[in-house]
C-alpha cells in the first residue's frame, strides 16, 4: 500500500470544512453570519463536504498498481498522483482554500456595531428602506401593521417586530406623533446623518452580513452623555417628527434610557 499525502491533505480540508459548518450550527454562531432562513443550505453544504471526505479517504492508501495505472480513474477523477508541473500555483491554491478555515477556527469575530455602521448604508426614512419584499406584499402587510400599532398605547420594539415597526414609523411618521415607544439598539452618531443627532439603530441582515445595512430612529435628548454612549441602550420616549432634507423624519424624544448588554442575536432579519 502506498500513502498519498496530497490526497490525505484534500481529505483533511474537506473534513475541516464540514466540521467548521457543523460547529457554527451547534454553537448558534451561524446566525451571526447568515439569515437563519438560509441555515438549511449551509447544513446541506456540510453534508456534501462530509460525503466528499469519505470518497476522498478511499484515495489515501492505494496499491502500487492503482497508484500508476490510469484504468483505475473514474468520473470522480484519478486516485493516483499526477506530476505536479505548477507546484507554486498549487501551493497558493491550497493556502487560499485553507485561509477561511484558519481564520474561522482561530481568529475571534465580533458582531457588527456602531464602528461598522460608519461604512454601511443607513436608513432613517422610508424612501431608503429596502428589505427585498415586493411592493404588493409590503402594501398589504404594512396596512395591517399600522392598524395594529395605532391601537397600541405603547409601541414596544423587539427582535421580532423591529423591521416592520420601524418601516411603518418611517413611512407614515405623522400617524405616530405623540405615541410612546420602547426600543433597544446601539447608539450610532454621525454628523452626516440626521444633522449629527444620535440614532438608535440595528443591523438588518437580508441574506448574510455582507449585505447588512443599518436602520433605526433618530434620538433627541438634552442628556449629552447619550451622544457619548458607545454600546447598546434601552430607550423610552415619545415619537415626534421634524423636517430634514425635504422630508419628514421621525425621531424619539428620549425620556429615559439605560445601558444594556448586547443581545444574543443583535441582528434583525426580514
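Residue numbers (UniProt numbering): 1 to 270.
Positions of the beta carbon are idealized from the N, C-alpha and C atoms, including for glycine.
DSSP three-state assignment for residue i, whether helix, strand or coil
| i | result |
| --- | --- |
| residue 245 | coil |
| residue 234 | strand |
| residue 60 | coil |
| residue 26 | helix |
| residue 31 | helix |
| residue 148 | helix |
| residue 18 | helix |
| residue 258 | strand |
| residue 182 | strand |
| residue 113 | coil |
| residue 51 | helix |
Among the options, nearest to residue i - alpha-carbon criterion
| i | options | result |
| --- | --- | --- |
| residue 42 | 23, 172, 54, 56 | 23 |
| residue 31 | 174, 115, 203, 8 | 203 |
| residue 235 | 169, 57, 157, 212 | 157 |
| residue 7 | 117, 143, 94, 260 | 94 |
| residue 267 | 153, 17, 36, 13 | 36 |
7 Å Cβ shell around residue i - same chain, five flanking residues per side excluded
| i | result |
| --- | --- |
| residue 100 | none |
| residue 114 | 186, 187, 188, 230 |
Where residue i falls, given that 16 or more other Cβ within 10 Å makes a residue buried
| i | result |
| --- | --- |
| residue 127 | Confidence at residue 127 is low in this model, with a pLDDT of 47, below 50, so its placement is unreliable and no value can be given for it. |
| residue 11 | buried |
| residue 134 | With a pLDDT of 45 at residue 134, under the threshold of 50, the modelled position of this residue cannot be trusted; read the value that follows with caution. Counting Cβ neighbours within 10 Å, residue 134 comes out exposed, since fewer than 16 surround it. |
| residue 237 | buried |
| residue 245 | exposed |
| residue 54 | exposed |
| residue 3 | exposed |
Close-in-space but distant-in-sequence residues of the same chain around residue i (CB under 6 Å, 5 per side omitted)
| i | result |
| --- | --- |
| residue 248 | 173, 241 |
| residue 1 | 61 |
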